[in-house]
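Numbering-wise, the sequence shown is residues 1 to 385 according to UniProt numbering.
A quick write-up on the structure given underneath.
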Amino acid sequence: MKNIAILGSTGSIGTQALEVIEKNPDRFTVEVLTANNNTKLLIEQARQFRPNVVVIANEEKYDEVRDALASEPIKVYAGADAVAQVVSMGSVDLVLTAMVGYSGLLPTINAINAGKTIALANKETMVVAGELIVRLANEKKVDILPVDSEHSAIFQCLAGEFMNPIEKVILTCSGGPFHGRTAKELRAVTPEDALKHPSWDMGAKITIDSASLMNKGFEVIEAKWLFGLKPEQIDVVVHPQSIIHSLVEFQDGALKAQLGMPDMRVPIQYALAYPERLASDFPRFRFSDYPTLTFDTPDTENFRNLALSYEALHQGGNIACSLNASNEIAVKAFLDRKIAFTEMACINEAVMMKTSLVNEPSYEDYVETDREARERAVSLVNENS
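What follows is the structure in structure tokens.
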């Protein structure tokens with residue numbers, strides 16, 4: 001039996017993780033649930049799964065959650081500090097980091113320091129501070145199990161291959177809803193258009209990132225740190241059907257791919273149960289349903305965010321942290337209709353160019369870089385809106 005802490009239980013990954021846990025009550029128990037603002041769903045989840053601890057990050061909503069759960073044997077806390085602290089509880093075996101954005105960094109660091117296995121769904125943690133996270137995990141001998149479908153696919157392809165050098169990995173990309181659009185067409189894109197992902201059911205932030213290829217760029221950065229790769233060892237290919245989740249090419253030219261339906265419960269369950277594969281009733285892939293699988297090259301001219309991610313990797317240090325901070329501001333501004341779809345990448349590039357490189361950043365350097373980048377991005381949004 002594994003005791004699970006889910007950081008971000010009301011989001012897309014968190015709710016699907018709870019589906020997996022509900023179907024495997026003999027394997028998993030919920031020890032901790034945290035949410036940012038969605039008190040209604042958090043309260044429902046707490047009543048159903050009866051965790052030891054619930055944390056609402058928004059302190060203004062503490063009374064609502066505490067009062068609703070007063071009759072339950074559940075401890076209720078509030079605030080970002082509480083989220084970062086509960087991961088260290090002795091009763092927790094595995095921490096699923098399903099929070100969105102930079103907010104996942106400190107809880108992940110604390111969980112690693114406490115020796116907890118990490119099921120990593122918060123890619124921004126590796127984007128912001130991959131070098132620090134990998135070093136810390138190695139020091140503490142903590143496993144980081146990828147939950148992103150692409151990185152889970154690579155991880156699965158590497159089973160039994162850890163002594164064999166990787167020549168390259170190939171991350172697949174649906175292309176989002178705008179693959180093939182011209183720059184003129186992209187300028188007219190609305191938030192409603194961008195939130196219609198053709199393959200995956202995800203939260204708003206990651207759906208916009210997928211549409212702009214920022215999500216794929218972040219996955220390139222994440223792959224570098226998770227698998228110890230150089231930028232030139234990571235390729236991206238557009239695969240609209242989202243059946244092949246990623247591939248690994250070895251030095252003899254052989255390719256291994258992981259295939260399946262685009263269903264995030266599969267990589268979530270794989271991470272929670274690792275090294276076992278548990279039976280499931282998830283939909284199965286049938287070749288007859290997909291007689292044609294297609295592939296294309298990503299358009300990095302009209303989707304600049306992917307190119308910016310490679311540039312951040314080449315520069316190293318704190319530059320990817322700056323890119324992530326800027327992008328969080330830019331995505332919110334786009335969703336709030338303050339800037340155009342194409343202006344997100346323009347703002348990200350401008351902020352990156354103004355960031356002073358710190359080659360070997362400390363945690364404090366990342367915090368300062370994040371703060372400065374957000375301020376610059378907000379300023380640029382105001383200039384453009």
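Even glycine gets a Cβ: it sits at the ideal position worked out from N, Cα and C.
For residue 334, which three-state DSSP category applies? Along the sequence shown, one-based indexing puts residue 334 at 334. Three-state DSSP puts residue 334 in a helix.
Taking all protein chains shown into account, do 16 or more other C-beta atoms lie within 10 angstroms of the C-beta of residue 251, making it buried, or fewer, making it exposed? As a working mapping, residue 251 is identified with position 251 in the sequence shown. Burial call: exposed.
Straight-line gap, residue 374 to residue 124 (C-alpha atoms, nearest Å): Taking the first residue of the sequence shown as 1, we reach residue 374 at position 374. Taking the first residue of the sequence shown as 1, we reach residue 124 at position 124. Spanning the two alpha carbons is a distance of roughly 15 Å.
Figure out for me which residue from 168, 241, 364, 268 has the closest Cα to the Cα of residue 148. As a first step, residue 148 must be located in the sequence shown, where it is residue number 148. If we check each option's Cα against that of residue 148, 268 comes out closest.
Does the segment 108-121 come close enough to the segment 81-92 that 3 or more CB-CB pairs lie under 8 Å? Inter-segment contact for the segment 81-92 and the segment 108-121 is present: three or more beta-carbon pairs are separated by less than 8 Å.
Under a three-way DSSP split, which group does residue 369 fall into? Translated into positions along the sequence shown, residue 369 becomes position 369. Reduced to three states, the DSSP call for residue 369 is helix.
Hey, could you find the ends of the alpha helix (DSSP H) residue 268 is sitting in? Translated into positions along the sequence shown, residue 268 becomes position 268. Membership of residue 268 in the alpha helix (DSSP H) is indicated by the continuous run 265-273.
In whole angstroms, what is the alpha-carbon distance linking residue 451 and residue 325? Here the chain comprises residues numbered 1 to 385, so residue 451 is not present and cannot be evaluated.
Give me whichever residues DSSP pairs with residue 110 in a beta bridge. Counting from one through the sequence shown, the residue named residue 110 turns up at place 110. In DSSP, residue 110 forms no bridge with anything.
In chain order, what are the residue ranges of uninterrupted beta strand (DSSP E) at least 3 long that sit wholly in the segment 209-275? 234-238, 244-250, 255-259
Quick check on DSSP: helix, strand or coil for residue 77? As a position in the sequence shown, residue 77 is number 77, starting the count at 1. If DSSP states are grouped into helix, strand and coil, residue 77 belongs with the strands.
For the beta strand (DSSP E) holding residue 191, just list the boundary residues, first then last. For the purposes of this step, residue 191 is taken as residue 191 along the sequence shown, with counting starting at 1. Residue 191 -> not in any beta strand (DSSP E); alpha helix (DSSP H) instead, spanning 191-194.
Nearest CA to the CA of residue 299: which residue from 161, 173, 322? The count along the sequence shown starts at 1 and reaches residue 299 at position 299. Nearest of 161, 173, 322 to residue 299, Cα basis: 173.
Are at least three pairs of beta-carbons, each pair with one atom in the segment 217-225 and one in the segment 302-318, less than 8 Å apart? yes
Heavy atom of the ligand GTP within 7 Å of residue 177 beta-carbon: Looking for the ligand GTP in the displayed structure turns up nothing, as the structure carries no ligands at all.
Could you name the residues that DSSP lists as bridge partners for residue 146? The count along the sequence shown starts at 1 and reaches residue 146 at position 146. Looking at the DSSP assignment, residue 146 forms a beta bridge with 120.
If you measure between the beta carbons of residue 168 and residue 233, is that distance less than 8 Å? Your numbering for residue 168 matches position 168 in the sequence shown. Your numbering for residue 233 matches position 233 in the sequence shown. Their beta carbons are under 8 Å apart, which means residue 168 touches residue 233 by this criterion.
Between residue 66 and residue 76, is the Cβ-Cβ spacing less than 8 Å? Reading the sequence shown from its first residue, position 66 is the one you call residue 66. Reading the sequence shown from its first residue, position 76 is the one you call residue 76. Yes; because the gap between Cβ atoms is below 8 Å, this pair is in contact.
Given residue 42, which residues of its chain have a CB within under 7 Å of its CB, disregarding the five upstream and five downstream residues? In the sequence shown, counting from the first residue as 1, residue 42 sits at position 42. If we look at residue 42 and ignore the five residues flanking it on each side, its Cβ neighbours are 9, 10, 33, 35, 54, 56, 65.
Give me the DSSP bridge partner(s) of residue 3. As a working mapping, residue 3 is identified with position 3 in the sequence shown. According to DSSP, residue 3 bridges with 29.
If contacts are defined as beta-carbon pairs under 8 Å, then residue 68 and residue 13 qualify, I think. What distance do you get, rounded to the angstrom? Walking along the sequence shown from the start, residue 68 turns up at place 68. Walking along the sequence shown from the start, residue 13 turns up at place 13. Residue 68 to residue 13, Cβ: 24 Å. No contact.
DSSP three-state call for residue 87: helix, strand or coil? What you label residue 87 is simply residue 87 of the sequence shown in a count that begins at 1. In this structure, residue 87 counts as coil in the three-state DSSP scheme.
Cα-Cα separation between residue 246 and residue 224, rounded to whole angstroms: As a working note, residue 246 is residue 246 in the sequence shown. As a working note, residue 224 is residue 224 in the sequence shown. If I take the Cα positions, the gap works out to 14 Å.
Let's see if you can read the secondary structure: which residues bound the alpha helix (DSSP H) around residue 349? Stepping through the sequence shown from its first residue, residue 349 is reached at position 349. 343-354 is the extent of the alpha helix (DSSP H) around residue 349.
Could you check how far apart the C-beta atoms of residue 157 and residue 256 are, in whole angstroms? I think they sit under 8 Å. Within the sequence shown, residue 157 is the residue found at index 157, counting from 1. Within the sequence shown, residue 256 is the residue found at index 256, counting from 1. Right, the Cβ-Cβ distance comes to about 4 Å (below 8 Å), so this counts as a contact.
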